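Student: Quick one: the structure is below, questions incoming.
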Amino acid sequence: MWPRIDGLRTLALGTPGELRARLNALVLSGEKTATAGLTGEYAQENEELEHVGERLALVDDHDALVGVVEITNVEVVRFADVPWDFARAEGEGDRSIEEWRAGHGAYWARQGTPVTDDSEIVCLRFRLVSTEGSVGT
C-alpha cells in the first residue's frame, strides 16, 4: 500500500533526489500536468488506479507534503500508444514522442522493469489544487 497523508494517497514522482525535486518543481510551476506509471506497480502495491476527482498528496524525498493534485483523467494504454499530447503534458522537455518513449523506457529499465510496446501504461492527468501543507483546499 502507498503511504497516505490525511487520507490522501501520495504521489511520489520519479526517484528520490534530483529527479523528484525537478519533477515536483515542474508540477508546482504548472508545467507538468501529467505523469505515467506502470500497471504492474499498482498490482505489486495492491492499489487501485486513481479516478477522476481523486486528490493525491504530492510528496518530496521525505514523504513531506509539497502540494495536492486532483486527477482529471485516467487512461491505460500500451506503451507504443501513449499519445504525444500526453507526453508533452508531462512537461519534461521531450521534443517528440520517440524521445519520450526512449527516456521513459530507459527510466523503467533502470528501475528493473523493462517495458515493451505492449506494456500497459497508466496515463494520469492532473491539476494542482494547493501547495505546501494545505490538504483540505
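If you count the sequence shown from 1, you need to add 49 to reach the numbering used here.
No residue lacks a Cβ here, since even glycine has one placed at the ideal position from N, Cα and C.
Predicted, not measured: the structure shown is a model, and the values here were computed from it.
Starting from Thr-88, follow the alpha helix (DSSP H) in both directions and report where the run begins and ends.
Tutor: From DSSP, the alpha helix (DSSP H) with Thr-88 extends over 88-93.
Student: Give me the Cβ distance between Gly-116 and Glu-181, rounded to the nearest whole Å; I'm assuming they're in contact under 8 angstroms.
Tutor: Between Glu-181 and Gly-116 the Cβ distance is about 7 angstroms, and since that is below 8 angstroms, they are a contact.
Student: Given this structure, state the Cα-to-Cα distance separating Asp-110 from Asp-130, to the nearest angstrom.
Tutor: About 31 angstroms.
Student: Does Trp-157 pass the burial test, meaning 16 or more other C-beta atoms within 10 Å, or should it be called exposed?
Tutor: It counts as buried.
Student: In whole angstroms, what separates the C-alpha of Glu-141 from that of Asp-167?
Tutor: Their backbone Cα atoms lie some 23 angstroms apart in a straight line.
Student: With a threshold of 8 angstroms on Cβ separation, who are the neighbours of Val-118 within its own chain once the five nearest residues in sequence on each side are excluded?
Tutor: Closer than 8 angstroms at the Cβ level, and outside the excluded window around Val-118, lie Leu-60, Val-76, Arg-104, Leu-105, Leu-107, Phe-175, Arg-176, Leu-177 and Val-178.
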